[in-house]
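Asker: If you want our numbering, it's the position in the sequence shown, counting the first as 1, plus 28. Backbone N, C-alpha and C define an ideal beta-carbon position, used for all residues, glycine too. All values reported here derive from a predicted model rather than from experimental measurement. Below are the C-alpha cells for one structure; questions will follow.
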Amino acid sequence: MAPRVCPWWIGYLLVSPLRRLLQNPDTILAGFVSPGMTVLEVGPAMGFFSLPLARLVGPAGRIVCVDVQERMLQTLVKRARLAGQADRIVARVCGPTSLGLDDFTEGIDFALAFAVVHEMPDPPRFFAELARLLRAGARCLVAEPKGHVTAPAFEATLATARQVGLGLVGRPVIWRCRAAVLQKGEAADRRAAPGSYSAFKPAEFPRPLV
Ligand SMILES: C[S@@+](CC[C@H](N)C(=O)[O-])C[C@H]1O[C@@H](n2cnc3c(N)ncnc32)[C@H](O)[C@@H]1O
Numbered sequence: 029m030a031p032r033v034c035p036w037w038i039g040y041l042l043v044s045p046l047r048r049l050l051q052n053p054d055t056i057l058a059g060f061v062s063p064g065m066t067v068l069e070v071g072p073a074m075g076f077f078s079l080p081l082a083r084l085v086g087p088a089g090r091i092v093c094v095d096v097q098e099r100m101l102q103t104l105v106k107r108a109r110l111a112g113q114a115d116r117i118v119a120r121v122c123g124p125t126s127l128g129l130d131d132f133t134e135g136i137d138f139a140l141a142f143a144v145v146h147e148m149p150d151p152p153r154f155f156a157e158l159a160r161l162l163r164a165g166a167r168c169l170v171a172e173p174k175g176h177v178t179a180p181a182f183e184a185t186l187a188t189a190r191q192v193g194l195g196l197v198g199r200p201v202i203w204r205c206r207a208a209v210l211q212k213g214e215a216a217d218r219r220a221a222p223g224s225y226s227a228f229k230p231a232e233f234p235r236p237l238v
C-alpha cells in the first residue's frame, strides 16, 4: 500500500507555537547549522523548521524547501515573507520519488528530513538522491514519529541510508521521535547505540557556502 501523505490542513497544526514546547527547533537544530550554509529541508510542510533554519543561516545562507504539496509551500512562503526571510528560502514542489534538485548536487551543507521519510513511496531512492546532493562530510538529521514508525522499521531505514554512504554518527533525543544523524562518507557507524546522545560542535561542520 502506498504511504499516506500528511493532509494539507495538518500543516496548520504542525506550525502551532505550542509544538515548540516539546520540539523546539532551536534546540533540535543547535550545532548543525551556521551562518552562510545551504540547508535542504525535505517535506517542510508550512515551515515549522524552515523559518528557524532561515534565521540560523542568516542573509548569506539558503534554505532549499522541497515538498510534494504545493499548498504547504505556498503557506510556507507567505510565513517567510511575513518574517522578512523570503529571500533566504528556495521553495520547490517535488515529485514523490524525486527531489529534482540536480542544480544543488554536492552543494548541500546540512539536510533535515523531519517526519517525512515514512510518507515516501521509495526511501532507498530518496537516500541515494540525498547522498548526491550533500557535500562530502555533510550531515543529515532524520527524525520519524514513534507513532508511525516502529523501531525495527527505523533501523531498516538507516540501513538503507548506509548502503548509499550515509553512515550513522548520532542518535539525538527528540520528543516522541526516532532520530538519527547521518553523515556522508561515514563508513563505520559511530556512537550508534539506540538511546545514546551525541552533540556536535559547529567547528566539525564542512565549510559553508559564502
Ligand atoms: C508530517 S509532515 C511533516 C512536516 C514538517 N517536516 C514538520 O515536521 O513540521 C510531512 C510533509 O512531507 C511532505 N512529503 C510527503 N512525501 C514527500 C516526498 N516524497 N517528498 C517530499 N515531501 C514529501 C508532505 O507533503 C508534508 O508536508
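(1) Helix, strand or coil: how does DSSP classify Q191 here?
(2) Under 8 Å: do the region 44 to 56 and the region 113 to 130 share three or more Cβ pairs, one atom per stretch?
(3) Can you tell me whether L49 is helix, strand or coil according to DSSP?
(4) Quick one: residues in its chain with C-beta nearer than 6 Å to the C-beta of A88, no 5 flanking neighbours on either side, listed in chain order?
(5) Mapping DSSP to helix, strand and coil, what is E76?
(6) L127 to V33, Cα distance in whole Å?
(7) Quick check on the burial criterion: 16 or more other C-beta atoms within 10 angstroms. Buried or exposed for P149?
(8) Could you tell me if S78 is buried or exposed, where buried requires 16 or more neighbouring beta carbons within 10 angstroms of its beta carbon?
(9) May I ask you to report which of helix, strand or coil DSSP gives G198?
(10) Is the beta carbon of Q97 closer than 8 Å to that of W36?
Answerer: This is what the structure holds:
(1) The answer is helix: DSSP assigns Q191 an H, G or I state.
(2) Result no; under three Cβ-Cβ pairs closer than 8 Å.
(3) Note: L49 maps to helix in three-state DSSP.
(4) Here the set comprises G64.
(5) The sequence shown places Phe at residue 76, not Glu. Three-state DSSP puts F76 in coil, outside helix and strand.
(6) Cα to Cα, the separation comes out at about 16 Å.
(7) Answer is exposed; the Cβ neighbour count stays below 16.
(8) Per the 10 Å Cβ criterion, buried.
(9) For G198, the secondary structure class from DSSP, reduced to helix, strand or coil, is strand.
(10) Yes, the pair counts as a contact, with Cβ atoms nearer than the cut-off.
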